[in-house]
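One structure below.
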Amino acid sequence: ANQPNSLWKAYLLGCLGRFCFAVISGCLFFAYYVPEYYNSALLYSMAYNISYIGPEAVITLVFISLPQVKKALNHVYSMTRA
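Residue 83 in our numbering sits at position 71 of the sequence shown, and the numbers go up by one each step.
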């Protein structure tokens, strides 16, 4: 059995949800710390959160695309279908 191709989609959806809630949290709880040169807590929160969630998502997608990792994930997936 092969690992479903939806792994990338599910991971990206999870990252998008995490990003959205991190931005909301930044606007609600950390707006006081926004530098004055930013006009908006929303823009600052979006920039701050994409600066670490974006690279983390790219690194993870590269990692789960490695042949050895794909093979291991396929093995685990096939064990759940037995």
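We treat Cβ as the ideally placed atom computed from N, Cα and C, and that holds for glycine. In this text, all values refer to a predicted model and were calculated from it rather than measured experimentally.
Same chain only: Cβ atoms within 6 Å of residue i, ignoring 5 sequence neighbours per side
i      : result
Ile-76 : none
Val-46 : Ala-53, Tyr-56
Gly-38 : Ser-57
Residues near residue i in its chain [Cβ-Cβ closer than 7 Å; skip 5 each side]
i      : result
Pro-67 : none
Beta-carbon spacing of residue i, residue j below 7 Å
i      : j      : result
Ala-34 : Asn-51 : no
Phe-31 : Ile-71 : no
Nearest to residue i (by Cα), restricted to the options the options
i      : options                        : result
Gly-29 : Arg-93, Ala-69, Val-74, Pro-79 : Ala-69
Ala-22 : Pro-79, Phe-41, Ala-43, Leu-73 : Leu-73
CA-to-CA distance, residue j to residue i, given in whole angstroms
i      : j      : result
Cys-27 : Trp-20 : 10 Å
Met-91 : Ile-36 : 39 Å
Gln-80 : Ser-18 : 18 Å
Ala-59 : Leu-24 : 18 Å
Ala-84 : Ala-43 : 43 Å
Own chain residues within Cβ distance below 8 Å of residue i, not counting five before or after
i      : result
Ala-13 : Unreliable placement is indicated for Ala-13, whose pLDDT of 43 sits below 50; the coordinate value is still reported in the next sentence. Excluding sequence neighbours, Ala-13 sits near Asn-86, Tyr-89, Ser-90, Arg-93.
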